[in-house]
Amino acid sequence: MDSMNVSSYFTQSNPNSHFCTNKQSHLRFDVSLEAPTAAAQKIDELPLTYLNKGQYYHVLFKDNSEREEDVVSTIAVTFHDLSYRSGASNFWKYWKSQQKEPHNAKAVEIDITKSNGAQLIEFEKFDRISFRWNGKQGASVYLRFNCLSTDFSRIKGVKGIPLRLQIENQSTETSVVERTYCRIKLFRDKGAERKNKDDAKHIERQLEKIRGKNGESHPLWLAFSSTLPITQFREIDYTMEDNNNNSLLHSRHLDAGQSEQYSILNSMQLPLPSIPSLKKSMPHLSPNEYHNLYSQLNGFPLDIDPTYLPQKRQRKAEVCIFAKYESSVEHKAVYLYHLTLEHFIQKMTDSFGFMKPISQVIRVITSSKDNKEINVAVDDEVIQDIREEETMQVESKDSEDKTSIILILRY
6 MDSMNVSSYF TQSNPNSHFC TNKQSHLRFD VSLEAPTAAA QKIDELPLTY
56 LNKGQYYHVL FKDNSEREED VVSTIAVTFH DLSYRSGASN FWKYWKSQQK
106 EPHNAKAVEI DITKSNGAQL IEFEKFDRIS FRWNGKQGAS VYLRFNCLST
156 DFSRIKGVKG IPLRLQIENQ STETSVVERT YCRIKLFRDK GAERKNKDDA
206 KHIERQLEKI RGKNGESHPL WLAFSSTLPI TQFREIDYTM EDNNNNSLLH
256 SRHLDAGQSE QYSILNSMQL PLPSIPSLKK SMPHLSPNEY HNLYSQLNGF
306 PLDIDPTYLP QKRQRKAEVC IFAKYESSVE HKAVYLYHLT LEHFIQKMTD
356 SFGFMKPISQ VIRVITSSKD NKEINVAVDD EVIQDIREEE TMQVESKDSE
406 DKTSIILILR Y
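Just so you know, we're using the numbering used here here: the sequence shown kicks off at 6 and counts up by one.
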């Protein structure tokens with residue numbers, strides 16, 4: 006089977022392969038990205054689109070009602086997983102610190118000269134763009150992304166953080182708001198095309214293994230969804246996500262590095278003094294008077310101690326490993342709470358007190374055929390395969406530039 010015909014074969018074999026587009030038919034606003042979806046995704050997974058950093062992509066906006074009214078659209082690059090969105094400020098702060106001009110860096114840009122129908126374009130923040138367009142005429146914009154999926158960690162070998170391109174369309178007359186998105190992965194130097202070709206070849210090899218003698222179809226072929234030439238934006242499913250983390254138009258967003266204090270009460274309040282600051286300013290008050298005054302200022306009931314700090318609930322480790330460093334006699338118990346390479350490096354650094362940063366982790370295994378040693382680069386998948394109570398020998402050596410170390414594992 007020709008790898009270039011893989012996607013067309015999937016479409017013929019799987020009559021439900023275009024269900025994503027049909028499912029969005031109830032939306033008033035259609036948004037599509039002129040880039041093909043990835044090939045090697047399973048039918049039960051959300052579509053994923055590979056894009057290149059620095060390349061302009063065409064995004065089309067259509068109002069199915071074709072009303073003569075303005076629509077406000079906000080486009081933003083966000084993190085797909087909720088766990089990453091909750092720490093977005095720190096991730097973006099690190100990303101901006103790696104740019105040549107952090108204060109002027111933009112994660113997404115628009116080519117105004119090529120775009121049509123977009124008016125009153127505003128660069129609200131480094132990660133988003135807003136503009137108006139007429140519902141009857143539609144709009145098309147050309148977007149360029151200036152970040153990679155791997156830009157949010159300093160550790161080599163870590164898989165890129167899943168990103169999403171999120172768009173929020175709001176009617177200025179009917180107050181209709183629709184929030185849609187598509188999953189994206191950003192590569193460098195034409196990496197998107199190479200990844201699509203590699204995925205197609207991988208699928209071709211898989212299909213060759215299960216193809217019948219006469220070339221007849223196999224049920225396993227339906228496990229893969231078809232590649233689509235256009236990426237259709239999907240409506241955000243709020244039953245599966247945190248509603249508060251998805252609004253672009255109606256929520257207050259913090260820039261990377263900024264912080265904001267939210268009041269307990271709904272009314273606007275100034276930051277209130279703490280117990281220690283009250284004691285400094287009013288040393289003549291008794292402990293009970295401090296308590297009563299602080300409670301009244303904060304609106305707490307008087308029978309609750311506002312200085313009480315509940316103990317943090319102890320986290321349960323995902324896996325425990327026993328590591329022994331070089332000539333040491335004893336093993337150390339290392340508890341991993343996240344099965345990622347970045348967390349593994351952090352825990353190993355804390356356990357053995359390495360003075361230099363760890364730039365790479367290598368696992369040395371012995372081939373069962375010729376007993377030769379093979380060096381395997383450790384990434385997130387290798388960490389996820391570590392067994393409970395695994396024992397390992399840990400060694401280290403300087404990198405070529407002597408500024409970091411390479412960690413060597415034997416287990």
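In this text, a Cβ means the ideal position worked out from N, Cα and C, and glycines have one as well.
Candidates the options: closest to residue i by CA position
| i | options | result |
| --- | --- | --- |
| Pro167 | Ser231, Leu341, Leu56, Asp116 | Leu56 |
| Gln398 | Val76, Met353, Asp375 | Met353 |
| Tyr330 | Ser401, Ile367, Glu323, Val366 | Ser401 |
| Ile189 | Asp35, Ala40, Gln124 | Ala40 |
| Asp204 | Thr177, Thr232, Asp194 | Thr232 |
| Pro362 | His108, Val181, Ile410 | Ile410 |
| Asp68 | Thr371, Phe359, Asp403, Glu183 | Glu183 |
| Glu198 | Glu405, Leu38, Thr54 | Thr54 |
| Thr345 | Lys164, Ala382, Val339 | Lys164 |
| Gln60 | Asp116, Asp403, Glu347 | Asp116 |
| Gly143 | Gln171, Val77, Val387 | Val77 |
| Asp35 | Glu50, Thr42, Glu71, Ala44 | Glu71 |
| Thr3 | Thr118, Leu212, Lys206, Asp132 | As displayed, the chain neither begins before 6 nor continues past 416, which places residue 3 out of reach and without an answer. |
| Asp75 | Ser176, Ser404, Met360, Ala44 | Ser176 |
Terminal residues of the alpha helix (DSSP H) in which residue i lies
| i | result |
| --- | --- |
| Phe357 | 346-357 |
| Arg90 | 87-90 |
| Lys98 | 93-102 |
| Glu386 | 385-389 |
Continuous beta strand (DSSP E) stretch holding residue i: start and end
| i | result |
| --- | --- |
| Ile410 | 410-415 |
| Gly402 | It is Lys, not Gly, that sits at residue 402 in the sequence shown. Run containing Lys402: 395-403, per the beta strand (DSSP E) assignment. |
| Ile126 | 124-130 |
| Ile326 | 324-330 |
| Val418 | For the chain, the structure presents residues 6 to 416; residue 418 sits outside this window and is missing. |
Own chain partners of residue i with C-beta closer than 6 Å, once the 5 adjacent residues on each side are dropped
| i | result |
| --- | --- |
| Thr408 | none |
| Leu65 | Ser37, Ser145 |
| Ser120 | Val146, Tyr147 |
Identity of the residues DSSP links to residue i by a beta bridge
| i | result |
| --- | --- |
| Val77 | Arg137, Gln175 |
| His207 | Its beta-bridge partners do not exist; DSSP assigns none. |
| Ser37 | Leu65, Gln237 |
| Glu378 | Thr371 |
| Asn57 | Phe192 |
Residues near residue i by beta carbon distance below 8 Å, same chain, minus five either side
| i | result |
| --- | --- |
| Glu127 | Ile134, Ser135, Phe136 |
| Lys337 | Phe327, Ala328, Lys329, Tyr330, Ser356, Phe357 |
| Lys58 | Phe150, Asn151, Cys152, Leu153, Leu191, Phe192, Arg193 |
Assigned exposure category for residue i - 16 Cβ within 10 Å defines buried
| i | result |
| --- | --- |
| Ile160 | buried |
| Asn376 | exposed |
| Gly140 | buried |
| Asn201 | buried |
| Asp86 | exposed |
| Arg423 | Here the chain covers residues 6 to 416 and nothing more, so residue 423 does not appear. |
| Ser102 | exposed |
| Asn174 | buried |
| Leu342 | At residue 342 the sequence reads Tyr, which differs from the Leu that was named. That one is exposed. |
| Ala261 | Per-residue confidence for Ala261 stands at a pLDDT of 39, beneath the threshold of 50, marking its modelled position as unreliable; the derived number appears in the next sentence. Answer is buried; the Cβ neighbour count reaches 16. |
| Asn109 | exposed |
| Lys111 | buried |
| Val383 | buried |
| Ile350 | buried |
| Thr3 | Since the displayed the chain opens at 6 and closes at 416, residue 3 lies outside it and no answer follows. |
| Cys325 | exposed |
| Gln237 | buried |
Cβ-heavy atom distance, residue i to the ligand MN, below 7 Å
| i | result |
| --- | --- |
| Tyr340 | In the structure on display, the ligand MN does not appear, and there are no ligands present to speak of. |
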